[in-house]
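The block underneath contains the structure these notes are about, expressed in structure tokens.
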Ligand code: G1P
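In the working numbering, the protein residues as written are 320 to 607.
Here it is in structure tokens:
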């Protein structure tokens, strides 16, 4: 079963400057909760028991956030206000965190390779914190249940419009993709021009990967390449017919963009019954 998940979180977060000069983008809040906590909650609800955070040394605060026993914990205990951190503490009891370092941001493939020595199962999850999925069944849980029917690497997919296709890894298939059913992939291309894209099915930041992937990720950057891409390594597994695609159910928000944070905040504030009425009347008042 899938019990380990790798979260690459060593990026510089330049789209979020100036705030990311000091605060990692993964800790920026959606309502009062860091974006990354939504991802961790999804993983815990999907049965993941160990999370390997790939960090840069400057982003240690992410690991500290997901550790118990800090200054605030102590003060709250002393003042008898443990309930204020109740949800986070119960979350931390359900999952174990490890950290590894990616000292140079050499790409997603390289980030995953940094976690290699911590992976002790045949298949593991990779989750990109830029993609938050609001769904009835947690997105990773959907992939894991697809994995139980077809025990091979699986990529979470979403159909995207032509104008956005060049921002994603894109798959090709000879099958007719149906929602919530894994199907065989016969091609993957990283960020193709729309004329060259094999389909409109984009890879979203949810993967179940076979440990074999590590055989295909180069340790050093090759000449002419700007990054060590995960998609290039996945292409090698695809060429051996070892990868499925899966169209998940749910609304994905790209919190890798500042506008995505606004969208995620709107979704969460409307979903939380205490606030939804106030937000809808505020939007009406603004004449929107
Ligand atoms: C990465 C992957 C890409 C994938 C995307 C999903 O790209 O390389 O294949 O489609 O995440 O969010 P990035 O957005 O990091 O450039």
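Where is the CB? At the ideal position from N, CA and C, for every residue including glycine.
Bridge partner(s) assigned by DSSP for residue i
i: residue 573; result: 450
i: residue 521; result: 477, 489
i: residue 324; result: 370, 444
i: residue 503; result: 563
i: residue 348; result: 353
i: residue 509; result: 488
i: residue 341; result: In DSSP, residue 341 forms no bridge with anything.
i: residue 528; result: 443
Any non-hydrogen atom of the ligand G1P closer than 6 Å to residue i Cβ
i: residue 450; result: yes
i: residue 332; result: no
i: residue 487; result: yes
i: residue 522; result: yes
i: residue 427; result: yes
i: residue 492; result: no
i: residue 550; result: yes
Terminal residues of the beta strand (DSSP E) in which residue i lies
i: residue 418; result: 415-420
i: residue 355; result: Here residue 355 belongs to no beta strand (DSSP E); instead the alpha helix (DSSP H) covers 354-364.
Selected residue, minimal CA-CA separation from residue i, among the options
i: residue 326; options: 508, 320, 338, 374; result: 374
i: residue 531; options: 418, 409, 443, 378; result: 443
i: residue 412; options: 485, 470, 359; result: 359
i: residue 372; options: 557, 380, 463; result: 380
i: residue 340; options: 357, 322, 378; result: 378
i: residue 452; options: 603, 333, 525; result: 525
i: residue 512; options: 501, 486, 383; result: 486
i: residue 448; options: 599, 479, 324, 600; result: 324
i: residue 492; options: 330, 350, 502, 484; result: 502
i: residue 457; options: 365, 555, 482, 539; result: 365
i: residue 550; options: 508, 570, 527, 516; result: 508
i: residue 528; options: 463, 400, 382; result: 463
Burial state of residue i, where buried means 16 or more other Cβ atoms lie within 10 Å
i: residue 605; result: exposed
i: residue 338; result: exposed
i: residue 580; result: buried
i: residue 576; result: exposed
i: residue 439; result: exposed
i: residue 376; result: exposed
i: residue 436; result: exposed
i: residue 534; result: exposed
i: residue 490; result: buried
i: residue 473; result: buried
i: residue 334; result: exposed
i: residue 558; result: exposed
i: residue 321; result: buried
Opening and closing residue of the alpha helix (DSSP H) in which residue i lies
i: residue 304; result: Given that the chain is displayed from residue 320 to residue 607, the structure contains no residue 304 and the question cannot be resolved.
i: residue 555; result: 549-557
i: residue 430; result: 427-433
i: residue 461; result: 458-468
i: residue 395; result: 390-398
i: residue 406; result: 405-412
i: residue 381; result: 379-384
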